[in-house]
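Contents: one structure, followed by commentary.
Numbering (the numbering used here), first residue to last: -19 to 89.
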């Protein structure tokens, strides 16, 4: 069946199979989940799910939804500069992120 991933204001990520929550990720102390991007392809070497929180922290998960990495672009961003506007994860592990009219490309190693 199909799987749907949703984020919440409480900072949790929910994995749904049909109407049933099959997994709940609660490893976030950064606040509400604001952006999610999941890839359909499964590859053990690169992340399959990318999530960001309201304070600009980015989380990368493998296909088993285990946390692989956590990072932030700015060490002390102002509140208005923190939130990520868009996020995309490609099959090679590159992350394209939009924040305050700027685009950033990062590579997961």
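Here a beta-carbon is modelled for each residue, glycine too, at the ideal position from N, C-alpha and C.
(request) Please name the residue or residues paired with residue 48 in a DSSP beta bridge. (result) Residue 48 is not bridged to any residue.
(request) Please report how far the alpha carbon of residue 116 lies from the alpha carbon of residue 36, in whole angstroms. (result) Limits of the chain in this structure are -19 at one end and 89 at the other, which puts residue 116 out of reach.
(request) State the Cα-Cα distance for the pair residue 41 and residue 80, rounded to the nearest angstrom. (result) Straight across, the Cα-Cα distance linking residue 41 with residue 80 is about 25 angstroms.
(request) Name the one or two DSSP bridge partners that residue 95 has. (result) The structure shown does not extend to residue 95, since the chain is modelled only from -19 through 89, so no value can be given for it.
(message) Is residue 66 close to chain D? Criterion is C-beta to C-beta, closer than 8 angstroms.
(response) Looking at the structure shown, chain D is missing, and only one protein chain is on hand.
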